[in-house]
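Numbered by this note's numbering, the letters in the sequence shown go through residues 1 to 206 in order.
Ideal Cβ placement from N, Cα and C applies to all residues, glycine included.
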Amino acid sequence: MTNVKFGADAWDQRFSGHTYAYGELPNQWLEQCIGPMKPGLASFPADGEGRNAVWAATKGWTAEVFDLSTVGKEKCEKLAKKHGVSVDYDVDDLELRTFKPNRYDLIACSWFHVPWSIFVEHYPRMLSSLKPGGEFVCEGYHTSQMEMTSGGPKSLDLLWELDEVLEVIGNGFEIIHAKVEQVELDESDLHRGVANVVRLHLHKQN
Ligand SMILES: C[S@@+](CC[C@H](N)C(=O)[O-])C[C@H]1O[C@@H](n2cnc3c(N)ncnc32)[C@H](O)[C@@H]1O
Numbered sequence: 001m002t003n004v005k006f007g008a009d010a011w012d013q014r015f016s017g018h019t020y021a022y023g024e025l026p027n028q029w030l031e032q033c034i035g036p037m038k039p040g041l042a043s044f045p046a047d048g049e050g051r052n053a054v055w056a057a058t059k060g061w062t063a064e065v066f067d068l069s070t071v072g073k074e075k076c077e078k079l080a081k082k083h084g085v086s087v088d089y090d091v092d093d094l095e096l097r098t099f100k101p102n103r104y105d106l107i108a109c110s111w112f113h114v115p116w117s118i119f120v121e122h123y124p125r126m127l128s129s130l131k132p133g134g135e136f137v138c139e140g141y142h143t144s145q146m147e148m149t150s151g152g153p154k155s156l157d158l159l160w161e162l163d164e165v166l167e168v169i170g171n172g173f174e175i176i177h178a179k180v181e182q183v184e185l186d187e188s189d190l191h192r193g194v195a196n197v198v199r200l201h202l203h204k205q206n
């Protein structure tokens, strides 16, 4: 297994074009889950160029992002301005970030893949900032995505097995939805076509 860590420079490079690497529209799974929710305070970890946070802000959410990429922050600010909203964006690293407990009504992320040892140590810390009664929504690539050409890291160390993910983060949550699904992605040239994904919607118990 390769332990791939794509650093801030690589993400800055990816986001340095005029267009948006994963499109300007929100991730479909996030939109489907968050759309019916009552807006509150939301965190969008690793939101890159900010498409999910900006969309949520247009729906009345107070949206915060943390992400490694300075260029991602600039692109997010541009997208937010285009939509007449604001997003509070910190350039920060999951591994170094301090999380305030019980802060958010919602935490939502798409394609936030990190090496497994980092996932195990830091995803639970990140989720501790969710309020009791809050929602966690995310989409990531399944291990069976390795052979597919519709996006995702080509390292089993970064891809997800549903039972392993739930073992790490599922404690204290009611499962609203937790499935491996084959979906048709159409986010951008980087995420297009049939893909094997893990889709989660968890509700933090009181
Ligand atoms: C595949 S992109 C997805 C961006 C965004 N979620 C979307 O769907 O458009 C992965 C993002 O994770 C961020 N990222 C990776 N490792 C991180 C870390 N340790 N801390 C914070 N952000 C990280 C990258 O900077 C990048 O923006």
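Contact between P36 and N52 does not hold, since the beta-carbon distance rounds to 16 Å and is not under 8 Å. Here S188 carries a strand assignment [DSSP, helix/strand/coil]. In this structure, K82 keeps its C-beta atom at 8 Å or more from the C-beta atom of E49. Taking 8 Å as the cut-off, the Cβ atoms of W55 and P39 do not count as close.
R97 sits in coil when the DSSP states are folded into three classes, being neither helix nor strand.
Relative to the non-hydrogen atoms of ligand 1, the Cβ of Y22 comes within a distance shorter than 7 Å of at least one.
At least one heavy atom of ligand 1 is found less than 7 Å from the C-beta of W11.
Under the 10 Å beta carbon count, L158 is surrounded by 16 or more other beta carbons and is classified as buried.
If you look at E31, you'll find it in the alpha helix (DSSP H) that goes Q28 to I34. Proximity of the beta carbon of G72 to ligand 1 is indicated: a heavy atom of the ligand is located closer than 7 Å. Taking each of E161, G170, S117 and N171 in turn and checking the Cα distance to E181, the smallest one comes out for E161. Here the stretch 11-20 makes no contact with the stretch 118-137; the two share fewer than three CB pairs at distances below 8 Å. When DSSP reads this structure, F173 sits in a beta bridge with K204.
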